[in-house]
Every structure is written in structure tokens, then in C-alpha cells.
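Quick note on numbering: my numbering labels position 322 of the sequence shown as 342, and the sequence is numbered without any gaps. I have placed the structure first, in the form of C-alpha cells, so that the comments after it can refer back to it.
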Amino acid sequence: MTQDRPVDADAAADGTAGAVLPAPRTPSPREAPALNWGVMAPGGIAAHFTETLQKHTGQQVVAVGSRDAGRARAFADRFGIATAHGRYADLVENDEVDIVYVASPHSAHFEHAMQAIEAGRHVLVEKAFTRNAREAEQLIDAARERGVFLMEAMWTRFLPHIDVVRQVLGSGLLGEVHTVTADHGQQMDPDPAHRLFAPELAGGALLDLGVYPVSFASMVLGPFASVTAVGTKTFTGVDGQASIVVTTGSGAHGVLNTTLFARTPTSASISGSRARLEIDGPFYGAARIRLIGRDNELLDTFVPPRRDGGMSYQAAEAARCIGAGRLESDLMPLAETLDIMRVLDGVRRDLEVTFPGE
Ligand SMILES: NC(=O)c1ccc[n+]([C@@H]2O[C@H](COP(=O)([O-])OP(=O)(O)OC[C@H]3O[C@@H](n4cnc5c(N)ncnc54)[C@H](OP(=O)(O)O)[C@@H]3O)[C@@H](O)[C@H]2O)c1
21 MTQDRPVDAD AAADGTAGAV LPAPRTPSPR EAPALNWGVM APGGIAAHFT ETLQKHTGQQ
81 VVAVGSRDAG RARAFADRFG IATAHGRYAD LVENDEVDIV YVASPHSAHF EHAMQAIEAG
141 RHVLVEKAFT RNAREAEQLI DAARERGVFL MEAMWTRFLP HIDVVRQVLG SGLLGEVHTV
201 TADHGQQMDP DPAHRLFAPE LAGGALLDLG VYPVSFASMV LGPFASVTAV GTKTFTGVDG
261 QASIVVTTGS GAHGVLNTTL FARTPTSASI SGSRARLEID GPFYGAARIR LIGRDNELLD
321 TFVPPRRDGG MSYQAAEAAR CIGAGRLESD LMPLAETLDI MRVLDGVRRD LEVTFPGE
């Protein structure tokens, strides 16, 4: 955090003179109680998650489950995991596993998370939580009934710079928040075989990338009063790009974009009557934040402690909650996950995108 902050008369009159960004209160991921994790669906992000846990936390990955015994064994050998299961059903029945990390495509989150819940395991489910709100609601009900912990793996929520944002919002430093912007665009080569383009895997920009700006706006603004979207489809019929405007009851706006067609800045901002925050891209990973006054003067900068290991914070949060006997996280509450799924459903209605089998 830098302390070089120009003080000017307008800022003084404004009450922002000398304003500094608070230090994050985020505990070290290494301090969380250690759980035994079972990784379900060993694809790209499962590998990254496992590597991150092993490098940055005291969590233990004790088992992996794949639809294919050979793939499970290869993943287990790669990461030194004790048990490889060739069926997801065997993974969730493994009594050594405290918590299952569901890392399958969006289309399968409901079925796979439900399998783990019914076996009495705690569950961390990759984003987007499910295909739609109906599936999300059923998972939440089932987890509450079974008394197991359940959380959407919206890893951004648990990062130190987001705790800085939460504290600034809580302090009222920005004044009344009027406008939130956030975007997440990546340029993906058109490939009908890739899950992002596949309707049957609930592909598209929105559930994969757009969920980050939507979740960010939800965290900052609270529940939305309205959601309006326009979009462009890919050659496979899923959403390739969406621009979304959300409003709140108090008249604040969120202006959000997601696309598979271009690499966008992936930055975010929160503008209030007294000051604004600008979060560098990618805002959803460890990012730098600037606090800027009403006259565009730089008041302070927060530089994240480190850039790697971002997924360790969500695992640590799950472990802390479970260690304390809590069935959900206050930082990513299930009611908000459900609200976010309802917003994504609304956007898809505007875009006229549905997935086979919904
Ligand atoms: N947090 C992040 O930064 C981040 C980044 C990327 C992706 N994600 C999320 O992680 C999830 C998975 O993404 P990914 O990129 O890791 O996908 P991926 O590389 O395609 O891996 C998905 C895995 O799911 C399993 N699977 C189960 N049913 C399947 C089906 N019907 N078709 C294909 N695979 C199936 C496969 O493993 P087996 O067949 O071996 O069981 C496959 O390896 C998505 O929810 C995505 O949004 C999160």
C-alpha cells in the first residue's frame, strides 16, 4: 500500500482528504483447519485447484474421482494423491473424504453436487453454481436437509483485495454508490468441441466468464431491482457476448459485459458521490486497487500481497466454516448464489439462450 496521497482543498471539504485504503483482514490460507478433499472431475481447473492447495495451504487432497479409471490414476500420480476412483459414486462414498470439490462442466454441477450431498459430504461447487436457479435451489435445499456445507467456488470473493473493497464500502468512504462497471472477455478460438461453445455442456460466455462481473455487482450493490441484457450468439447457439445493465431500488446502475470474442480489460470500478475505486484487470484475481477522489486525484493504491495461489483462499474459507460447524459462508451466502443464478436466468431469457435438457 502506498501512502503518497495528494491532499487538496476539494478533497478536504469532501472528507476524503488523507483517505487511505484499509489493510485486508484476510487470514493466511495456511492457518485454516486441514480437511481431506476429494476432487471430482479432473480437468483443467481441478488440476490448478489441486496444485494450489498443495502449494499454498495445509489442506489434503486424499482422493480423485473421474468417469474413467485411467484418467483418475493419471491425475492421482501427477499430484501424489492416495486414492483414484474410476467412478464419481465411489469418490463420494469414500469415508476419508470430508469435502468434495465439483469441477465438472456447468451442465453437470447439479447432478454431481447432489451425489456428494446425498452421500453426506460437504461440497464446494465450481462457478457458475448450476445451469439455472431451479437447480441451485434444489441443491441448497438438499444440503440444508442433509446438514452439509455447500458453497459456490466464486474464488474472487475470498481474495485480499476484495476484503479491501468490502471495508471501503462499509466505511462509506465512497459516499453514495451510483455506478459499478465490470467486464470479463476472453478471445476463444471457435471450437464446437470445446465446452464453452457446447450447448449440451451449458457453455457460453455468461456462465463461465459473465458470472464474475454479475457476482461482483451483486456484492457491491446488493439485490438488483431490474436486469436488462442484449447479446450475440456463437455459431453453436450459446451466448458469445452479453452486455447487461442492472439497477437497484435506490437507482444505482451496474454496467457489465462478457464476451468470448475479444480480450477485454477485465477491470472493474465503483463510483460514488465522494470517491471511486478502480480495480485493475483481471479484477477477479489478485488485483491492484486505486482510490480516486472527486477531482480525479489519486488518494491511495492497494497492491495485493501476491498474485498466485488465488484459489487457496476459497478452500481456506470452506475449511474455516466447516471447522466452526457452519454450513455456509457469509462471504458467499447461498441466498446470494441463488439470486445470482436468477439474474443469469434473466439474462439468458433476454438473449433467448436455453440449454438442452433444462
Ligand atoms: N475458478 C476458475 O478460475 C475456473 C477456471 C476455469 C474453469 N472453471 C470452472 O470449472 C469447471 C470445469 O471447467 P474446466 O475448464 O476445468 O473443464 P474441463 O477441463 O473440460 O474439465 C471438466 C472435467 O469434467 C469431467 N466431466 C464430467 N462430465 C463431463 C461431460 N459431460 N463432458 C465433459 N467433461 C465432463 C471430465 O473429467 P472426467 O471425465 O475425467 O471425470 C472433465 O475433465 C466449470 O464450471 C468452469 O466454469 C473455473
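Where a beta carbon is used, it is the ideal one built from N, C-alpha and C, also for glycine.
Mapping the DSSP letters down to three states, classify residue i as helix, strand or coil.
i	result
ASP28	Confidence at ASP28 is low in this model, with a pLDDT of 44, below 50, so its placement is unreliable and no value can be given for it.
ILE449	Not covered by the structure: residue 449. The range shown for the chain is 21 to 378.
GLN158	helix
HIS172	Before going on, a small fix: residue 172 reads as Glu here, not His. Looking at GLU172 - three-state DSSP - the assignment turns out to be strand.
ALA67	helix
LYS253	strand
THR72	helix
PHE322	strand
ILE101	coil
MET21	Low local confidence applies: a pLDDT of 36 at MET21 is under 50, so the model's placement there is unreliable, with the coordinate-based value given in what follows. If DSSP states are grouped into helix, strand and coil, MET21 belongs with coil.
Is any heavy atom of ligand 1 found at a distance shorter than 7 Å from the C-beta of residue i?
i	result
PRO125	yes
LEU179	no
ARG215	yes
SER86	yes
GLY223	no
GLU298	no
THR63	According to the sequence displayed, residue 63 carries Gly and not Thr. Yes, ligand 1 has a heavy atom inside 7 Å of this Cβ.
ARG107	no
ARG91	yes
GLU51	no
PHE146	Note that residue 146 corresponds to Glu in the displayed sequence, not to Phe. Because some heavy atom of ligand 1 lies under 7 Å away, the Cβ of GLU146 counts as near it: yes.
ALA104	no
TRP175	yes
Would residue i and residue j be called neighbours here (beta carbons separated by less than 8 Å)?
i	j	result
VAL84	PRO62	yes
LYS75	GLY329	yes
ALA54	GLY78	yes
PRO219	PRO42	no
ALA225	THR284	no
LYS147	VAL231	yes
Using the Cβ count rule (16 or more neighbours within 10 Å means buried), how would you classify residue i?
i	result
GLY38	exposed
VAL247	buried
GLU298	buried
PHE255	exposed
VAL250	exposed
GLY58	buried
Closer than 6 Å by C-beta to residue i: which residues in its own chain qualify, once you throw out the five before and the five after it? Chain order, please.
i	result
LEU221	PRO125, SER127 and ARG215
THR267	ALA245, SER246 and HIS273
ALA355	none
Using beta carbons (cut-off 8 Å, strictly below), is residue i in contact with chain D?
i	result
TYR121	In the displayed structure, chain D is absent; only one protein chain is listed.
Can you find the residues in the same chain that come closer than 8 Å, C-beta to C-beta, to residue i, ignoring five residues on each side of it along the sequence?
i	result
ALA162	MET134, ILE137 and GLU138
GLU71	PHE99
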